[in-house]
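**Student:**
Number of protein chains: 2
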Amino acid sequence: MLIVQKFGGTSVGDLERIQNVANRVSESKKAGNDIVVVVSAMSGETNKLVSYAEHFSKNPSRAEMDMLLSSGERVTASLLSIALQEMGHDAVAMTGRKAGIVTDKHHTKARIEEINPHNMQNALKKGKVVVVAGFQGVNDAGDVTTLGRGGSDLSAVAIAGALKADLCEIYTDVSGIFTTDPRIEPKAKKLERISYDEMLELASLGAKVLQNRSVELAKKLHVNLVTRTSFSNEEGTLITTEGNIMEKPLVSGIALDRNQARISLVGVKDRPGIASEIFNALADAEVNVDMIIQNKAIDETTNIDFTVPVSDLHDAKSVVESFLKSGDINSDSYNEDICKVSVVGVGMKSHAGVAAKAFSTMATNNININMISTSEIKVSMVIDEKYAELAVRSLHEAYELDK
Amino acid sequence: MLIVQKFGGTSVGDLERIQNVANRVSESKKAGNDIVVVVSAMSGETNKLVSYAEHFSKNPSRAEMDMLLSSGERVTASLLSIALQEMGHDAVAMTGRKAGIVTDKHHTKARIEEINPHNMQNALKKGKVVVVAGFQGVNDAGDVTTLGRGGSDLSAVAIAGALKADLCEIYTDVSGIFTTDPRIEPKAKKLERISYDEMLELASLGAKVLQNRSVELAKKLHVNLVTRTSFSNEEGTLITTEGNIMEKPLVSGIALDRNQARISLVGVKDRPGIASEIFNALADAEVNVDMIIQNKAIDETTNIDFTVPVSDLHDAKSVVESFLKSGDINSDSYNEDICKVSVVGVGMKSHAGVAAKAFSTMATNNININMISTSEIKVSMVIDEKYAELAVRSLHEAYELDK
Numbered sequence: 021m022l023i024v025q026k027f028g029g030t031s032v033g034d035l036e037r038i039q040n041v042a043n044r045v046s047e048s049k050k051a052g053n054d055i056v057v058v059v060s061a062m063s064g065e066t067n068k069l070v071s072y073a074e075h076f077s078k079n080p081s082r083a084e085m086d087m088l089l090s091s092g093e094r095v096t097a098s099l100l101s102i103a104l105q106e107m108g109h110d111a112v113a114m115t116g117r118k119a120g121i122v123t124d125k126h127h128t129k130a131r132i133e134e135i136n137p138h139n140m141q142n143a144l145k146k147g148k149v150v151v152v153a154g155f156q157g158v159n160d161a162g163d164v165t166t167l168g169r170g171g172s173d174l175s176a177v178a179i180a181g182a183l184k185a186d187l188c189e190i191y192t193d194v195s196g197i198f199t200t201d202p203r204i205e206p207k208a209k210k211l212e213r214i215s216y217d218e219m220l221e222l223a224s225l226g227a228k229v230l231q232n233r234s235v236e237l238a239k240k241l242h243v244n245l246v247t248r249t250s251f252s253n254e255e256g257t258l259i260t261t262e263g264n265i266m267e268k269p270l271v272s273g274i275a276l277d278r279n280q281a282r283i284s285l286v287g288v289k290d291r292p293g294i295a296s297e298i299f300n301a302l303a304d305a306e307v308n309v310d311m312i313i314q315n316k317a318i319d320e321t322t323n324i325d326f327t328v329p330v331s332d333l334h335d336a337k338s339v340v341e342s343f344l345k346s347g348d349i350n351s352d353s354y355n356e357d358i359c360k361v362s363v364v365g366v367g368m369k370s371h372a373g374v375a376a377k378a379f380s381t382m383a384t385n386n387i388n389i390n391m392i393s394t395s396e397i398k399v400s401m402v403i404d405e406k407y408a409e410l411a412v413r414s415l416h417e418a419y420e421l422d423k
Numbered sequence: 021m022l023i024v025q026k027f028g029g030t031s032v033g034d035l036e037r038i039q040n041v042a043n044r045v046s047e048s049k050k051a052g053n054d055i056v057v058v059v060s061a062m063s064g065e066t067n068k069l070v071s072y073a074e075h076f077s078k079n080p081s082r083a084e085m086d087m088l089l090s091s092g093e094r095v096t097a098s099l100l101s102i103a104l105q106e107m108g109h110d111a112v113a114m115t116g117r118k119a120g121i122v123t124d125k126h127h128t129k130a131r132i133e134e135i136n137p138h139n140m141q142n143a144l145k146k147g148k149v150v151v152v153a154g155f156q157g158v159n160d161a162g163d164v165t166t167l168g169r170g171g172s173d174l175s176a177v178a179i180a181g182a183l184k185a186d187l188c189e190i191y192t193d194v195s196g197i198f199t200t201d202p203r204i205e206p207k208a209k210k211l212e213r214i215s216y217d218e219m220l221e222l223a224s225l226g227a228k229v230l231q232n233r234s235v236e237l238a239k240k241l242h243v244n245l246v247t248r249t250s251f252s253n254e255e256g257t258l259i260t261t262e263g264n265i266m267e268k269p270l271v272s273g274i275a276l277d278r279n280q281a282r283i284s285l286v287g288v289k290d291r292p293g294i295a296s297e298i299f300n301a302l303a304d305a306e307v308n309v310d311m312i313i314q315n316k317a318i319d320e321t322t323n324i325d326f327t328v329p330v331s332d333l334h335d336a337k338s339v340v341e342s343f344l345k346s347g348d349i350n351s352d353s354y355n356e357d358i359c360k361v362s363v364v365g366v367g368m369k370s371h372a373g374v375a376a377k378a379f380s381t382m383a384t385n386n387i388n389i390n391m392i393s394t395s396e397i398k399v400s401m402v403i404d405e406k407y408a409e410l411a412v413r414s415l416h417e418a419y420e421l422d423k
């Protein structure tokens with residue numbers, strides 16, 4: 021098998037851990053696999069370099085930041101390659117450039133445009149373990165770029181796609197994807213397999229193991245992703261196409277997102293295009309709107325409720341202010357003491373009654389549902405934040421996820 | 021003027037010092053000069069990275085070491101560029117690759133083969149301050165290489181040569197080249213100007229401000245080198261062609277090398293080619309032989325005396341052993357308690373009596389001279405180590421270098 025293994029900052033956090041990673045890579049190689057390793061900077065390094073830069077400027081140039089920050093991954097890649105060589109493996113460290121990772125020109129948040137994998141392929145053909153500095157690429161001007169948050173995961177997935185690897189393993193300090201947050205529900209079980217779409221719903225709803233960008237890229241490139249821990253030999257969770265999941269569970273997991281605020285607009289002027297105006301203005305202000313509910317009362321006034329991440333609330337308020345001033349809205353109100361609980365599962369597509377069970381579970385526990393939104397594979401409910409844990413545990417039990 | 025300014029590890033040792041360097045560069049730029057800055061890694065960084073590598077291997081791969089070590093200069097270059105931008109300058113950081121520094125393929129001790137200066141020239145044309153990561157280049161396989169000890173000085177000199185810069189300033193923690201080591205003779209004076217050849221003699225003899233490789237390259241490329249301190253505005257020492265030095269002093273300086281050992285071979289078999297055999301064998305063992313004296317006694321036996329750096333003594337002994345075994349030499353003896361004192365000056369070429377004055381100074385002070393060697397611009401004497409300071413001070417006074 022050709023396996024791409026990605027190790028994050030905590031997994032390579034000090035020299036002993038880098039040696040542990042070398043041991044793990046060595047085992048995989050000895051088991052007869054071809055291995056490409058993608059590494060992040062040692063944990064703390066990137067923050068240190070950022071603080072250095074901020075010593076000189078509050079708004080340092082992005083091109084310089086990329087040259088600065090890309091150095092951390094180069095250090096880890098060289099060290100891991102040296103450790104593997106010392107263990108008798110033929111290893112070679114590659115920068116993003118050498119690995120053929122070509123990006124667009126947007127410094128500090130570049131997108132991978134293509135991968136020219138011939139250097140990696142040549143090395144693999146010679147039986148080498150390839151160690152790639154993650155998080156970085158090179159633009160067409162020949163300058164180093166970085167990929168933004170979760171960039172090393174993206175490097176790994178893109179490389180796995182370009183090399184048509186059998187597996188892309190993402191090693192973190194979490195052992196896989198759970199049916200819900202084990203800190204809330206200790207009976208939470210690790211999932212063996214989950215589809216890309218379920219993972220996307222779980223990730224965006226709060227299960228922060230993988231960034232959505234990486235899952236989306238894996239889906240697009242048909243990369244079989246595994247998230248597992250580097251601190252034990254425990255099996256992780258395979259994230260793959262729905263077709264690879266034989267027994268599709270009705271519900272895979274319960275996600276909780278506490279980072280939501282609700283905005284209520286009362287007495288929205290009843291004229292065509294007003295909703296579009298409001299949400300376009302929010303989009304222009306880069307406010308991420310999640311759920312939207314619009315009600316038209318009998319007296320012909322319209323109310324619009326929507327949720328945004330708490331971090332976007334300030335910007336959202338500014339936008340709303342302008343509509344208040346122009347008289348398009350009568351009044352507004354805000355509520356940060358809410359959360360969103362979601363039931364996610366591909367099985368919903370073919371089974372009725374999943375949503376009904378969620379609502380009745382809330383009712384049984386006297387939890388009032390403020391907003392509801394559903395998709396093919398998800399039911400989301402906005403409730404008062406104080407009920408967050410109760411709701412998660414009740415739903416986890418109702419769908420028998422602990423069984 | 022187009023000036024290349026190189027700042028070593030101590031000069032960029034922490035964030036405050038990097039800011040000081042930015043201030044200094046800013047002043048030079050505001051004075052109307054075009055500036056290219058070459059920086060080393062922050063002091064301690066390279067040693068830290070080396071110790072990391074040695075944690076994994078006693079003999080780490082050179083290619084990986086280059087990827088590892090080259091990261092330190094990239095950090096400094098990015099940070100300095102950010103600091104300059106914050107001060108309102110249009111600055112751009114460049115890696116060795118971007119600056120067009122092409123080397124041969126010898127990792128960790130690469131030689132610069134050519135410089136393609138168009139990226140630097142384009143940036144300079146736009147009025148930018150160019151900040152180059154020193155110590156590194158790229159080989160024709162596209163891999164990063166490093167230039168070995170003193171590598172950032174070499175980067176600076178080579179860049180100055182390629183850009184036909186008016187001046188190449190090397191900033192260190194020493195304010196220039198002195199007539200002798202001020203720790204031995206407090207009356208030592210800083211030289212305003214010195215020729216490349218004198219500098220080469222002084223450097224190889226112990227005045228460790230600049231590596232010979234850099235001075236040789238400056239001589240070859242006709243680069244006017246200045247060594248000065250980054251910790252004050254004191255003028256430094258200009259190292260230039262003899263033609264630029266109007267009043268050629270008889271003697272420019274007194275150098276002391278304590279790092280010498282003397283090897284005496286007694287009863288060397290009197291057959292043609294024996295000396296050549298011995299010194300070829302030493303060369304094969306990479307022993308650096310300095311002074312050689314051969315005496316043929318009246319009884320037809322030959323004695324050969326030579327000096328080597330103390331660090332090469334062990335290897336030299338092994339070579340001598342083999343000639344003892346084969347009977348080509350009767351006996352050998354070693355003396356590490358010696359030193360070499362040298363009088364250096366271009367003026368010697370045209371003035372007689374310089375050597376005679378050196379010998380009589382030794383005689384006046386009852387210092388026995390063990391070996392003598394001379395060149396056009398230098399008289400070197402091997403003496404007992406205990407007389408080292410006395411010899412240096414007496415010669416310094418005899419040639420009136422304190423005047």
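So the protein lines, in turn, are chains C and H. Mapping of the first sequence onto the working numbering: residues 21 to 423, in sequence order. Mapping of the second sequence onto the working numbering: residues 21 to 423, in sequence order. In this text, a Cβ means the ideal position worked out from N, Cα and C, and glycines have one as well.
Can you tell me the Cβ-Cβ gap for I204/H and V412/H, rounded? I've got them flagged as a contact below 8 Å.
**Tutor:** Contact flag correct, Cβ pair sits at about 5 Å.
**Student:** Which residues of chain C have a Cβ atom closer than 8 Å to the Cβ of D163/H, listed in chain order?
**Tutor:** What D163/H touches in chain C: K118.
**Student:** Would V152/H and V58/H be called neighbours here (beta carbons separated by less than 7 Å)?
**Tutor:** Yes, these two residues count as a Cβ contact at 7 Å.
**Student:** For S175/C, count neighbouring Cβ atoms within 10 angstroms of its own Cβ and tell me buried if that reaches 16, exposed if not.
**Tutor:** It is buried - the Cβ of S175/C has at least 16 other Cβ atoms within 10 Å.
**Student:** Taking only beta-carbon positions, decide if F76/C is within less than 7 Å of chain H.
**Tutor:** It does; some Cβ of chain H falls within 7 Å.
**Student:** On the CB-based measure, 16 or more other CB atoms within 10 Å of its CB, does L276/H come out buried or exposed?
**Tutor:** By the neighbour-count rule (16 or more Cβ atoms within 10 Å), L276/H is buried.
**Student:** Quick check on A103/H - is its C-beta less than 7 Å from some C-beta in chain C?
**Tutor:** Chain C contact via Cβ: present.
**Student:** Grouping DSSP H, G and I as helix and E and B as strand, with all else coil, what is F321/H?
**Tutor:** The residue you asked about is not Phe; residue 321/H is Thr in the sequence shown. DSSP places T321/H in coil when its eight states are reduced to three.
**Student:** Assuming T247/C contacts L230/C (C-beta within less than 8 Å), just tell me the rounded distance between them.
**Tutor:** 6 Å between Cβ atoms; contact.
**Student:** Between the C-alpha atoms of E134/H and N40/H, what's the straight-line distance to the nearest angstrom?
**Tutor:** Rounded to the nearest angstrom, the two C-alpha atoms are 32 Å apart.
**Student:** The alpha helix (DSSP H) spanning R44/C covers which residue range?
**Tutor:** Run containing R44/C: 35-50, per the alpha helix (DSSP H) assignment.
**Student:** Would you mind working out which of M107/C, A130/C, A336/C, T66/C sits nearest K49/C, comparing C-alpha positions?
**Tutor:** Selected option, being the one with the closest Cα: M107/C.
**Student:** Between the region 318-330 of chain H and the region 274-293 of chain H, are three or more C-beta pairs nearer than 8 Å?
**Tutor:** Because the criterion of three Cβ pairs below 8 Å is met, the region 318-330 of chain H and the region 274-293 of chain H touch.
**Student:** Would you call the CB atoms of G157/H and G92/H closer than 7 Å?
**Tutor:** Not in contact: G157/H and G92/H (Cβ atoms no closer than 7 Å).
**Student:** Could you check what DSSP says for N315/H in three-state terms: helix, strand or coil?
**Tutor:** Note: N315/H maps to strand in three-state DSSP.
**Student:** Only counting the same chain, and skipping five residues up and downstream in sequence, which positions put a Cβ closer than 7 Å to that of E405/C?
**Tutor:** Here the set comprises R278, D357, I358, C359.
**Student:** Just to confirm the assignment, what range does the beta strand (DSSP E) spanning V402/H have?
**Tutor:** That run of the beta strand (DSSP E) goes 398-404.
**Student:** So the candidates are A83/H, Q25/H, K210/H; which of them puts its Cα closest to the Cα of L100/C?
**Tutor:** Considering only alpha carbons, the answer is A83/H.
**Student:** Could you confirm whether any beta carbon from chain H is found closer than 7 Å to the beta carbon of M87/C?
**Tutor:** Yes, because at least one Cβ of chain H sits closer than 7 Å to the Cβ of M87/C.
**Student:** Determine which residues of the region 232-266 of chain C have a Cβ less than 8 Å from any Cβ of chain H, and write them out in chain order.
**Tutor:** So nothing in the stretch comes that close.
**Student:** Kindly indicate which three-state DSSP category K129/C falls into: helix, strand or coil?
**Tutor:** Looking at K129/C - three-state DSSP - the assignment turns out to be coil, as it is neither helix nor strand.
**Student:** Output yes if chain C places a C-beta closer than 7 Å to the C-beta of A113/H; else output no.
**Tutor:** It does: the Cβ of A113/H has a partner Cβ on chain C nearer than 7 Å.
**Student:** Flag this pair as touching only if the region 211-222 of chain H and the region 257-265 of chain H have three or more C-beta atom pairs under 8 Å; answer yes or no.
**Tutor:** Segments in contact, yes.
**Student:** Are the CB atoms of L220/H and M243/H within a distance shorter than 7 Å?
**Tutor:** Looking at the sequence shown, residue 243/H is not Met but Val. No, Cβ-Cβ distance for V243/H and L220/H is not below 7 Å.
**Student:** Can you tell which of E255/H, M266/H, D201/H has the C-alpha that lies nearest to the C-alpha of A408/H?
**Tutor:** When only C-alpha atoms are compared, the closest one is D201/H.
**Student:** Compare the Cα-Cα distances from A418/H to each of N232/H, S380/H, A305/H and report the closest residue.
**Tutor:** Looking at the Cα atoms, S380/H is the closest of the given residues.
**Student:** Output yes or no for whether 7 Å exceeds the beta carbon distance between S414/C and N385/C.
**Tutor:** Their beta carbons are under 7 Å apart, which means S414/C touches N385/C by this criterion.
**Student:** Please confirm if P80/C has its CB atom under 7 Å from at least one CB of chain H.
**Tutor:** So, interface residue.
**Student:** Using a Cβ cut-off of 7 Å, pull out every chain C residue sitting near E106/H, in sequence order please.
**Tutor:** Ordered by position in chain C, the residues that pass the 7 Å Cβ test against E106/H are F76, S77.
**Student:** Does L167/H come within less than 7 Å of chain C when only Cβ atoms are used?
**Tutor:** Not one chain C Cβ lies under 7 Å of L167/H.
**Student:** With H, G and I counted as helix, E and B as strand and the rest as coil, what does DSSP make of Y354/H?
**Tutor:** Three-state result, Y354/H: strand.
**Student:** Quick one, are the C-beta atoms of F76/H and A111/C less than 7 Å apart?
**Tutor:** No.
**Student:** With a CB to CB cut of under 8 Å and the five nearest residues on each side skipped, what residues in its chain are close to A208/H?
**Tutor:** So the qualifying residues of the chain are F198, T199, T200, D201, P202, H416, L421, D422.
**Student:** Is L144/C close to chain H, meaning its C-beta is less than 7 Å from at least one C-beta of that chain?
**Tutor:** Taking Cβ atoms only, chain H never reaches closer than 7 Å to L144/C, which makes this a no.
**Student:** Ignore the nearest five residues each way along the sequence and tell me which others in E254/C's own chain have a CB closer than 7 Å to its CB.
**Tutor:** Once the five neighbours on either side are set aside, the close Cβ partners of E254/C are S195, R248.
**Student:** So who's on the other strand from G273/C, going by DSSP bridges?
**Tutor:** In the DSSP output, where bridge partners are listed per residue, G273/C has V364/C.
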